[in-house]
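Residues in the sequence shown are numbered consecutively from 1337, following my numbering. Where is the CB? At the ideal position from N, CA and C, for every residue including glycine.
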Amino acid sequence: MKKELSDKKEETKNAEVNEKKGDTAENKADKSNVLQTDPAYKSGKRLYDIGLGIMSVILVLNLFLTFMDFEIYIGGVICSRFVIFIYLIPCILMIIGLLKSNKAAKKLETKGKGDKTCFIIISALAVFIVFGGTFEAFFPSYHVYDIENAKASDGREFLAVKSETVNMFGERHEKMPGFYDIDIYNVNGIFAKKVISCPVHDGEYEIEKMDDGRYRLVVSYLGREEGYPFEG
């Protein structure tokens, strides 16, 4: 008899526990459904998606420009190093969107799946852009010393840039060193496409039109003369 009573109590206790578990699961499911239909939460998510879309477009365009050797050239200045700051626009939109959606989730006493992780990642990315972009702006890896228009023998104008590429912890010269690079660009609007680059040591250069329709960058230095053909 005692054993039967004990078994019944155990069954009742297990039933209550299972019922509570069921209620908890149902409550979570209900809160999740309410979250997906909440206007404030949806608004935040929409803003996040817009920011993500803009960032994807900027990333694809930037990769294309880098792969094709294009630089942004505005007002006589190569501005490609400032492009990184454009990424802050979608980052800010995404952060605001996540803050709105998290605020809505707190009101409903629930959490959006992955929202907290995304917020941490995007915030860290924004901080990296600010500090990394500022460093690149003041200490550019593509260090330009001089920019000038260079006329070819047929009168066509190119952009000639005297520069050097420096790694993050490399030496940066205040004045143009003896060794540097001559980069020749074909400019269209704000886009400058690099067509040829060669090393120089205190030398002179000129651009010649070749018989086959191509051009040649002729560099004279240390008593030597070398030609580098390129497509115009």
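May I ask you to report which of helix, strand or coil DSSP gives Leu1558? coil
From the DSSP output, read off the bridge partner residues of Lys1487. Glu1493
In the structure shown, what three-state DSSP assignment does Cys1415 receive? coil
Below 8 Å between beta carbons: does that hold for Glu1407 and Lys1530? Note that the C-beta distance between Glu1407 and Lys1530 is below 8 Å.
Range covered by the alpha helix (DSSP H) that runs through Ile1465: First-last of the alpha helix (DSSP H) with Ile1465: Asp1451 to Phe1474.
For Ile1457, does the count of other Cβ atoms within 10 angstroms reach 16, so buried, or fall short, so exposed? Looking at its Cβ environment, which holds fewer than 16 other Cβ atoms inside 10 Å, Ile1457 is exposed.
Whole angstroms are fine: how far does the CA of Lys1436 sit from the CA of Cys1454? 13 Å
Below 8 Å on the Cβ atoms is my guess for Ala1441 versus Tyr1521; work out the distance and round it to an integer in Å. The C-beta distance from Ala1441 to Tyr1521 rounds to 51 Å, too long to meet the 8 Å contact threshold.
Nearest neighbour of Ile1386, chosen from Asp1374, Phe1403 and Ile1432 [CA to CA]: Measuring from the Cα of Ile1386, the nearest candidate turns out to be Ile1432.
Could you tell me how far apart the beta carbons of Tyr1516 and Tyr1481 are, in whole angstroms, since I believe they sit closer than 8 Å? 6 Å
Pairwise C-alpha distance: Tyr1551 and Gly1568: 6 Å
Endpoints, the alpha helix (DSSP H) within which Phe1400 is located: In this chain, the alpha helix (DSSP H) harbouring Phe1400 covers Pro1375 to Phe1403.
For Ile1532, which residues from the same chain have a beta carbon less than 6 Å from its beta carbon, with the 5 sequence-adjacent residues on both sides left out? Ile1520, Leu1553, Tyr1564 and Phe1566
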